[in-house]
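Read the structure below first, then the notes.
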Amino acid sequence: MKKNRNVGIIGVGQTPYSSHREDVNQPEMIHEAVVAALDQAGLTMDDIGCIIHGNMELFEMIHQPDLWHTLGSGAFGKEALRITTGGTTGASLVCAADNVVASGLHDIVMAIGFEKLQEGHTTGGITNMADPLWGRQLQTGALTGMTAQAMIDEFGEERAKKASMKYRIIMDKHAMKNDKAHRRLGLEFDQANDLAVNSPALVGELRMIHMCSQSDGACVMIFASEEKAKELCKQPAWIKDHITVHREEMFVVFGDAPYVMTHRYAAQKLFERCGIKDPRKEIDVFEMYDPSSWWGLDWLRDFLLLEGDQHLKMVENDDITMEGSFPVNPSGGVIASNPIGATAMVRVAEAAMQIMGTAGEHQIPKKVKQAMASGFGGTLWTVLFLLTSEVPW
Amino acid sequence: MARKVGICAVAQTTYERDKWYERFQGMALEVLESLLDQTGLDFSEDKGINTSISVSDDIFDARTISDNGMTDVLGAHFRCEEKVAQEGAQAVYYGLATILSGHTDLVLIIGHCKESQAKSRNMVTHMAFDPFYTRPVGMDFCAAAGLQAQAYSAKAGITDEQLAKVVVAAREKAAKNPYTPDVTAVTMEDVLTSPMLADPIRELHAYPVTDGAVGMILAAEDRAKELTDNPVWIKGVGSCMDSFFLGDRDVASNFALRKAAERAYGRAEITDPRSSFDVIEISDQYAYQNPMWIEGLGICDEAKGGEWIDSNGIEQYHVNPSGGMLAGSPLILGGLVRAAEAALQLRGEAGDHQVKDARTALAHGVMGPAGQFHSVIILERD
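Residue numbers (the working numbering), protein chains in the order written: chain U, 1 to 393; chain X, 394 to 775.
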């Protein structure tokens, strides 16, 4: 890749994530995160050239909401771009911000991802994405128990269920250290057996406790050109590379084409482009878009190009905890907080915070030189990022 | 700009009142196949299209993630696709940025919308208003435009006759545009007696409800020259957002358009817009917007839009040879259709409505109540 110029992340602002933000309307909620990001970067709106905005508008039923949100986003008088790609929206916004700054059109841009899921019906909204003729009758929104069943088939019921619940409890322990996180339940490992039986079943062995939340909240990130980033920020998080891999909606289940997971495909391409041979050694932390603890567990295998049960062992051996050899989601991940239009951006923001050293109580103990973040959405769409502490190109 | 980026091919469906016989994927496929035919491109991993930008709207499509049903048509299976959920001109802005950034050399853009699917276009645009103050009073884009038309007409002294001239001219031009088969010629009398929608906006002053799709291929200079003999270079882009509440703005001031134009002119190094364009394609969703946007672009003096119409400015400056938005383009695709039409003119492919020897062009898009957000694109051929 011959990137025109380097781009650094120099500010992150997040609202607290919660099931109900009845104290603020949408522009007011966004404004909280805008102010926090500007404060962290030491900037004012005058420094921002372009505002990049996104969410999933059918959830709140606001048509082109960037228009109204100008009241809180600071877009007045600015260039503006609105990009939406479903669950991956937040990640697509980061790609767009990177592209716009790298292009030279702007030196400093702000990206805003948000959702106020309280104001709509999330599962209804997601179900509505399926083709009205062929897919909608089969849709269960984001709730799919297929992965749970596949893992039980592959690894046996006891081991699969145990690993999935352990993943869930590790995520909650991480979320307990993140004061922005929505669900901080204070789970303990000795509750695992009880939760596995008593948490309400959603679809098959996908239970309520495994599933991500529906949250209100906004995330804002500020991006700057290499020159500006170095001037404005002691330790920017540099965007090394990103890849976006979409997938046809009907899953192409017919014929004999081999099944390739978009996450694995994206990781293979990205690692090849960036010369990564051993991701578990070369990457210091991974913020994964994990909509449920079954998916989070399963997807480790794809993102890290693992085979067999290596991913289960990573969980069983505590590798993925904050102090482990390969920390995953020190923020608590999507299971803890899920304002959908922001969620994928929060992954990149949290990975950036680990590099910038601004993650506070959930800062991992080892120095982060390279971080990975993933976005997920659509019908198994993937966006994958590599961030570095050193100027990458 | 870091490198030259060119439009290498454009394709459109016809724009019709109700394409009941086609799903939106079908409309987009027609555009895609034409683009691939024109350029010989495919989706192969090495030299093919790997980045697509779609333009559509969840609420018009009544589908969450409206690009989700488009992945295969966009060739985005195991490729990158981004949806610009904004006025379509911004897809050109984003495509340009993506190529300038170095991430890719080639971008496919396809926009689609079936306005006929929504029970009412006004109901969709009503949803753009905030639920607390402006929805309860029944605002939609047409009502907001009515208020702006009042304010602008008072400032510039625009008459009902002048607005009728705009509509008659647009429909005459549209008759020569093969992509607008539904649009018929009207007389001054027809327009002047057309029923009121939102005073002073009459039914014939408003763009017709429209279904259609449009697309283009953008490429960096070296790729562009491989793909076509006559690429159209993107010389400048600019956009600007105004404030939201109408009461917070001077709706007759053209604040956002002036700033968007200033940015585009700056990037294209244009100092005198009046002598810089052989063709101007503007998104005139309502007749009053034709002279008003022309003022905002600096093509005529402030508050002189009426005189500009009377002195035959539309012909003199070759404004909207396609018929413009009044000939019908879906709301969210207006600016992208304008850019496509401008590119056709510069490529000499505009057929019966070709402006002779056109070398430079301006395309304009607008979104939001009373022109809250504007985009300007400057194009040029070698």
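Just so it is clear, CB atoms sit at the ideal spot from N, CA and C, and this is done for glycine as well.
Model, not experiment: these values are computed from the prediction.
- Counting the other CB atoms within 10 Å of its CB gives X:Asn713 a total of 16 or more, which places it among the buried residues.
- A direct Cα-to-Cα measurement between X:Gly764 and X:Gln541 gives close to 9 angstroms.
- Distance from the CA of X:Val602 to the CA of U:Thr382, rounded to the nearest whole angstrom, comes to 36 angstroms.
- Closer than 8 angstroms at the C-beta level to chain U, one finds these residues of the segment 449-463 of chain X: Asp450, Asp451, Ile452, Ala455, Arg456, Thr457, Ile458, Asp460, Asn461 and Gly462.
- With a beta-carbon spacing of about 3 angstroms, U:Gly13 and U:Ala37 fall inside the 8 angstroms limit used to define contacts.
- Residues are counted here when their Cβ sits less than 9 angstroms from a Cβ of chain X; for the segment 276-292 of chain U the count is zero.
- For X:Gln738, the enclosing alpha helix (DSSP H) covers residues Gly727 to Arg740.
- Three or more beta-carbon pairs drawn from the segment 49-61 of chain U and the segment 89-101 of chain U are found closer than 8 angstroms, and the two stretches are therefore classed as touching.
- Here X:Asn683 is buried, its C-beta having at least 16 other C-beta atoms within 10 Å.
- Chain order gives the chain X residues near U:Arg82 as Val477, Ala478, Gln479 and Gln483, where near means a beta carbon separation below 8 angstroms.
- The closest CA to that of U:Gly145, considering only U:Leu206, U:Thr122 and U:His106, is found on U:Leu206.
- Excluding the 5 residues flanking it on each side, X:Gln543 has same chain C-beta neighbours closer than 8 angstroms at Asp592 and Pro593, in chain order.
- Among the bridge pairs identified by DSSP, X:Cys473 is matched with X:Thr444.
- Only those residues of the segment 516-534 of chain X whose C-beta falls short of 9 angstroms from the nearest C-beta of chain U are listed: Val517, Thr518, His519, Met520, Ala521, Phe522, Asp523, Pro524, Phe525 and Thr527.
- Residues of chain X with a Cβ closer than 9 angstroms to the Cβ of U:Thr140 do not exist; the shortest Cβ-Cβ separation is about 14 angstroms.
- Against X:Lys652, the close residues of chain U are Gly77, in the order they occur along the chain (beta-carbon pairs closer than 8 angstroms).
- Using a CB distance cut-off of 8 angstroms, U:Gly333 does not count as an interface residue toward chain X.
- In this structure X:Ala661 is buried. Its beta-carbon is surrounded by 16 or more other beta-carbon atoms within 10 angstroms.
- In this chain, the alpha helix (DSSP H) harbouring U:His69 covers Asp66 to Ser73.
- Annotation for U:Met29: Thr15, Arg21, Gly72, Phe114, Lys116, Asp216, Gly217 and Ala218 place their beta carbon closer than 8 angstroms to its own, counting only its chain and skipping 5 residues before and after.
- For the segment 618-638 of chain X, the residues whose beta carbon sits under 8 angstroms from a beta carbon of chain U are, in order, Val630, Gly631, Ser632, Cys633, Met634, Asp635, Ser636, Phe637 and Phe638.
- The continuous alpha helix (DSSP H) containing U:Asp172 extends over residues Glu157 to Ala175.
- Taking one beta carbon from each stretch, the segment 645-658 of chain X and the segment 749-769 of chain X have 3 or more pairs nearer than 8 angstroms; the two touch.
- Annotation for U:Thr388: the continuous beta strand (DSSP E) segment containing it runs Trp381 to Thr388.
- In the structure shown, U:Met56 adopts coil according to DSSP, grouped into three states.
- By alpha-carbon distance to X:Gly550, the top candidate from X:Glu423, X:Ile503, X:Glu700 and X:His598 is X:Glu700.
- One finds Asn99, Val100, Ser103 and Leu105 in chain U with Cβ atoms closer than 7 angstroms to the Cβ of X:Ala490, taken in chain order.
- Not a single CB atom of chain U sits nearer than 8 angstroms to the CB of X:Met718.
- Between U:Arg82 and X:Ala478, the gap from beta carbon to beta carbon is short of 8 angstroms.
- Chain order gives no chain X residues near U:Thr388, where near means a beta carbon separation below 9 angstroms; the closest approach is about 17 angstroms.
- Interface annotation, X:Met581: not in contact with chain U, CB-CB separation never under 8 angstroms.
- In this structure X:Lys507 is buried. Its beta-carbon is surrounded by 16 or more other beta-carbon atoms within 10 angstroms.
- Annotation: the continuous alpha helix (DSSP H) that includes U:Val35 extends over Gln26 to Ala41.
- For U:Arg82, the three-state secondary structure derived from DSSP is strand.
- Contact of U:Gln137 with chain X is not assigned, every C-beta pair being separated by 8 angstroms or more.
- Excluding the 5 residues flanking it on each side, X:Leu590 has same chain C-beta neighbours closer than 8 angstroms at Cys535, Gly539, Glu596, His598 and Ala599, in chain order.
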